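Asker: Handing you a structure now.
Residue numbers (the working numbering): 166 to 787.
Below is the structure:
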């Protein structure tokens, strides 16, 4: 086995780099039983990872070893560490590891190591005086302030209290409903229950609860899962575990690998195979089936958390996917939540690749079968050709003998046939002559009948044409007579109408002349009368206008007002002078009546009211 010089994980000898952190692998040496295992953070800042058989009775002796350790932290003026070294003892051999980290990173690692110490002393739920003394020694060793150490201790104590608490009946039922929704891939129910489960997960630290809650968060809301990890107040194993998957879903591979490395903090507390399975899961999500297969085969050699059994089954089914394997199909159908939300793309790719492989195998098989079939056909064809050739030769020999025999028979037969033919030709010739004679008679008879029939038809057509022509001539004659008659009647009628029209025009012309003479006389009289009336009307209107103008001027003069105080002219209708402000109401005189404009009838010189159209005395139109 090989050992990683960064995360201290062991891998098979065929590995050259650590699949988890990418560190260089070296051949593992046998470690003495009384040594302390140093993690990657311990190589820098002197922190320790206690083994599972940790005993508080030995804690203080361990702390003493801290004070005598040769691993110390120094910082330069730029708050950067320089050449931090730690000696790992492997059968007397020393392996020197050098790192550079920021002061902030070193402080975080010291806090994490002190947190582990707090968790150890609180395993039994009691914090004794000896525990406090030992924690104080650890605080001093890690260089933490009392305030920071108290805060970490209170936080771990609160978390421990929550972890020892068990869910009540209501919370248990809600969790079971949520669990069934996840197992059945019922996304709507998962989203419905998730706010309740979030509250429950903050209060209780049951492993299955934390596992399923962060699993659902990474599957449905990966960014929220990442935000929870970034803003965490305490480290949670399953949050760190599933945030790796969430970051993979978001395509943030670099931070995903950092989260994977952070899982090393739980070394000795959680199975190392969990990290290997997670790495294989990430490789499978990236469609790197080769790496996933190698990591998965390495992981199954050990033991992982029981909560990861379903995930391991799904990964095994996809890596070894076979559509005709009932167990594989059953597993993928049973755990479809993992397939749907994490591995659907690689699953579809695997199915396509398998189909392509099957198609290639099918084509290769068909090609082999085709070639075998062609070879068999070729051999069969050659065998058939050989047999056909032999058969042809045999038949040729038989045919030659048969032809010789047939030739003799043919000649004899031809002679007999010739004689029979001559006899038959003679009889046929006689029969043909007889038939030709009968045919000639029949044709002559048919020709005579045809000519007689045509002659009768010709005469019938001629008679019909003659009758038709006579009928047409009769109709044409009647039509010409009718038109001539109508023309004569029309001319007579037009002549009578023309004479009547001339007479009517003459009478009308005479009447018009008389009417014109009468109208001319009346028009002359009318013009004379109108001229007299016009002159009279104009004279009357002129007098009326002159009178109205005179009265308007008098009225205008009468309407002029002057202020009695200042003597200046003021407008009619105002109550106060605009020049001096004197009251004009008391000095106002009565308004003069408006003059009435009268009209005079030009015929009888009678005054008429304004707007009248006819004279009220003689009725003359005004």
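Idealized CB from N, CA, C, for every residue including glycine.
Owing to the predicted nature of the structure, the values given are computational and were not obtained by experimental measurement.
Rank 171, 742 and 720 by C-alpha distance to the C-alpha of residue 729 and give the top, closest one.
Answerer: For this step, residue 729 is matched to residue 564 along the chain shown. When each option's Cα is compared against that of residue 729, the closest is 742.
Asker: Shortest alpha-carbon distance to residue 708 belongs to which of 433, 764 and 270?
Answerer: The count along the chain shown starts at 1 and reaches residue 708 at position 543. Answer by Cα proximity: 764.
Asker: Check the DSSP bridge columns for residue 772 and list the partner residues they point to.
Answerer: In the chain shown, counting from the first residue as 1, residue 772 sits at position 607. Answer is 765, bridged to residue 772.
Asker: At what residues does the alpha helix (DSSP H) containing residue 282 begin and finish?
Answerer: The residue labelled residue 282 in the question sits at position 117 within the chain shown. Unbroken alpha helix (DSSP H) run through residue 282: 268 to 286.
Asker: Inspect the beta-carbon positions of residue 402 and residue 435 and report whether they are closer than 8 Å.
Answerer: For the purposes of this step, residue 402 is identified with residue 237 of the chain shown, where counting begins at 1. For the purposes of this step, residue 435 is identified with residue 270 of the chain shown, where counting begins at 1. Cβ distance < 8 Å, so residue 402 and residue 435 count as in contact.
Asker: Find the nearest neighbour of residue 495 within the set 506, 482, 505 and 359, judged by alpha-carbon distance.
Answerer: As a working note, residue 495 is residue 330 in the chain shown. Minimum Cα distance to residue 495 is reached at 482.
Asker: Could you check where the beta strand (DSSP E) with residue 192 kicks off and where it finishes?
Answerer: For the purposes of this step, residue 192 is taken as the residue at position 27 of the chain shown. Run containing residue 192: 190 to 192, per the beta strand (DSSP E) assignment.
Asker: Give a yes or no on contact between the region 380 to 397 and the region 346 to 358, applying the rule of three or more CB pairs nearer than 8 Å.
Answerer: Touching, yes, given that three or more Cβ pairs across the two stretches are closer than 8 Å.
Asker: Can you tell me where the alpha helix (DSSP H) with residue 356 in it begins and where it stops?
Answerer: Position 191 of the chain shown, counting from 1, holds the residue named residue 356. Residues 352 to 368.
Asker: What do you get for residue 471, buried or exposed, if any count of 16 or more other CB atoms within 10 angstroms of its CB means buried?
Answerer: Residue mapping note: residue 471 aligns to position 306 of the chain shown, counting from 1. Residue 471 is exposed by the Cβ-count criterion.
Asker: Go ahead and label residue 444 buried or exposed: buried means 16 or more other beta carbons lie within 10 angstroms of its beta carbon, across all protein chains shown.
Answerer: Start at 1 with the first residue of the chain shown, and residue 444 comes out as number 279. The residue in question, residue 444, is buried, as its Cβ has 16 or more Cβ neighbours within 10 Å.
Asker: Taking residue 499 as part of the alpha helix (DSSP H), name the residues at either end of that continuous run.
Answerer: Stepping through the chain shown from its first residue, residue 499 is reached at position 334. Segment 491 to 499, the alpha helix (DSSP H) holding residue 499.
Asker: Identify which residue in 731, 343 and 767 has its Cα closest to the Cα of residue 744.
Answerer: Taking the chain shown and counting its residues from 1, one reaches residue 744 at position 579. Taking only the C-alpha atoms, the option nearest residue 744 is 731.
Asker: If we count the other Cβ atoms within 10 Å of its Cβ and call it buried at 16 or more, is residue 590 buried or exposed?
Answerer: Taking the first residue of the chain shown as 1, we reach residue 590 at position 425. Result: exposed.
Asker: Report all residues from its chain with a CB closer than 8 Å to the CB of residue 468; omit the five preceding and five following residues, and keep chain order.
Answerer: The residue you call residue 468 lines up with position 303 of the chain shown. Counting only Cβ-Cβ distances below 8 Å, and skipping sequence neighbours, we find 436 and 438.
Asker: Output the residue ranges of the beta strand (DSSP E) runs that lie fully inside the region 670 to 743 and measure 3 residues or longer, sorted by chain position.
Answerer: Listed in chain order, nothing qualifies, since the region 670 to 743 has no complete beta strand (DSSP E) run of 3 or more residues.
Asker: Taking the straight line between their C-alpha atoms, what separation do you get for residue 480 and residue 508?
Answerer: The count along the chain shown starts at 1 and reaches residue 480 at position 315. The count along the chain shown starts at 1 and reaches residue 508 at position 343. Between residue 480 and residue 508, the C-alpha separation is close to 9 Å.
Asker: Where do the N-terminal and C-terminal ends of the beta strand (DSSP E) with residue 168 fall, by residue?
Answerer: On the chain shown, residue 168 is found 3 positions in, with the first residue counted as 1. Note, residue 168: beta strand (DSSP E), 167 to 169.
Asker: List in chain order: all unbroken alpha helix (DSSP H) runs of 4+ residues lying wholly within the region 408 to 489.
Answerer: Those alpha helix (DSSP H) runs which fall completely within the region 408 to 489 and span 4+ residues are 418 to 427, 437 to 450, 454 to 464 and 474 to 484.
Asker: Do you know how far the Cα of residue 631 is from the Cα of residue 640?
Answerer: Numbered from its first residue, the chain shown carries residue 640 at position 475. Numbered from its first residue, the chain shown carries residue 631 at position 466. Cα to Cα, the separation comes out at about 14 Å.
Asker: At the level of alpha carbons, what is the spacing between residue 770 and residue 717?
Answerer: Locating residue 770 in the chain shown gives position 605, counting from the first residue. Locating residue 717 in the chain shown gives position 552, counting from the first residue. Each residue's Cα considered, the two are about 24 Å apart.
Asker: By Cβ distance below 8 Å, which residues in the same chain neighbour residue 778 in space, the five residues on each side in sequence not counted?
Answerer: Taking the chain shown and counting its residues from 1, one reaches residue 778 at position 613. Within the same chain, residue 778 has close Cβ partners 786 and 787.
Asker: Leaving out five residues on either side along the sequence, give the residues of the same chain with a beta carbon under 8 Å from the beta carbon of residue 199.
Answerer: Position 34 of the chain shown, counted from the start, is the residue given in the question as residue 199. Model confidence at residue 199 stands at a pLDDT of 36, short of 50, so the residue's coordinates are unreliable; what they give is reported in the following sentence. Excluding positions up to five away in sequence, the list is empty.
Asker: Tell me whether residue 779 sits in a helix, a strand or coil according to DSSP, three-state version.
Answerer: As a position in the chain shown, residue 779 is number 614, starting the count at 1. Residue state, collapsed to three classes: strand.
Asker: Under a three-way DSSP split, which group does residue 293 fall into?
Answerer: As a position in the chain shown, residue 293 is number 128, starting the count at 1. Residue state, collapsed to three classes: coil.
Asker: Bridge partners of residue 396, per DSSP?
Answerer: The sequence position of residue 396 within the chain shown is 231, counting from 1. Its beta-bridge partners do not exist; DSSP assigns none.
Asker: Would DSSP call residue 624 helix, strand or coil?
Answerer: By one-based count along the chain shown, residue 624 stands at place 459. Looking at residue 624 - three-state DSSP - the assignment turns out to be helix.
Asker: Excluding five sequence neighbours on each side, which residues of the same chain lie with their C-beta closer than 7 Å to the C-beta of residue 359?
Answerer: Counting from one through the chain shown, the residue named residue 359 turns up at place 194. Closer than 7 Å at Cβ, skipping near neighbours: 381.
Asker: Skipping 5 residues on each side, what residues in its chain have a beta carbon closer than 6 Å to that of residue 411?
Answerer: Looking up residue 411 in the chain shown gives position 246. Here the set comprises 383, 387, 390 and 391.
Asker: State the start and end residues of the unbroken alpha helix (DSSP H) segment that holds residue 381.
Answerer: As a first step, residue 381 must be located in the chain shown, where it is residue number 216. From DSSP, the alpha helix (DSSP H) with residue 381 extends over 372 to 385.
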